[in-house]
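Visitor:
What follows is the structure in structure tokens.
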């Protein structure tokens, strides 16, 4: 589970199941979850080293979370994107990014690659996304985008299967 600041936390005394009996995977198996957190930390560093700005990383996190229907991650990463300087206008049209001119060529390539990573069985879309990425991103950036997408996919599954709740907050 990530905090609003993007940090991952697990309480040693936290309840390990939901009211309906779902297991909070992060709390029930904290060592496995912490390994995923360490992966996320390494991926964050890899993205920064590749020159991916925070907004681009958050767009990838959000698009993948939209595709997977992860309410918890959508909440966390929408707030993170806004803190990084993303606009509500672009966030509002992100599901239809292909149909707008609001995203740069680089962002579009990253979003296509993130979608192909999330749905790897679509080989044609994967090839098109990779070709598009080759035109706009270098090898380090392509690798970083794919790792960001892989990692948020993993966190999406943890949160969806654990039914992590989205709670009311007053802060962005």
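Numbering (the numbering used here), first residue to last: 105 to 276.
Ideal Cβ placement from N, Cα and C applies to all residues, glycine included.
1) Looking at the strands, I want to know which residues DSSP matches up with residue 121.
2) Would you tell me roughly how many angstroms separate the C-alpha atoms of residue 121 and residue 129, rounded to the nearest one?
3) For residue 179, is the classification buried or exposed, using 16 other Cβ atoms within 10 angstroms of its Cβ as the cut-off for buried?
4) For residue 214, count neighbouring C-beta atoms within 10 Å of its own C-beta (all shown protein chains included) and say buried if the count is 16 or more, exposed if not.
5) Can you look up residue 174 in the DSSP assignment and give me helix, strand or coil?
6) Among 157, 136 and 216, which residue has its Cα nearest to the Cα of residue 235?
7) Taking buried to mean at least 16 other C-beta atoms within 10 Å of its own C-beta, is residue 223 buried or exposed?
8) Give me the Cα-Cα distance between residue 273 and residue 153, rounded to the nearest whole angstrom.
9) Classify residue 259 as helix, strand or coil using the three-state DSSP reduction.
Guide: On the basis of the coordinates in this document:
1) The bridge partners DSSP lists for residue 121 are 127.
2) Rounded to whole angstroms, residue 121 to residue 129 spans 9 Å at the Cα level.
3) Buried, since its Cβ has 16 or more Cβ neighbours within 10 Å.
4) Within a 10 Å sphere around the beta-carbon of residue 214 sit 16 or more other beta-carbons, which makes this residue buried.
5) DSSP places residue 174 outside both helix and strand once states are collapsed to three, so it counts as coil.
6) Taking each of 157, 136 and 216 in turn and checking the Cα distance to residue 235, the smallest one comes out for 216.
7) Residue 223 comes out exposed.
8) Taking the straight line from one Cα to the other gives about 32 Å.
9) Residue 259: helix per DSSP, three-state reduction.
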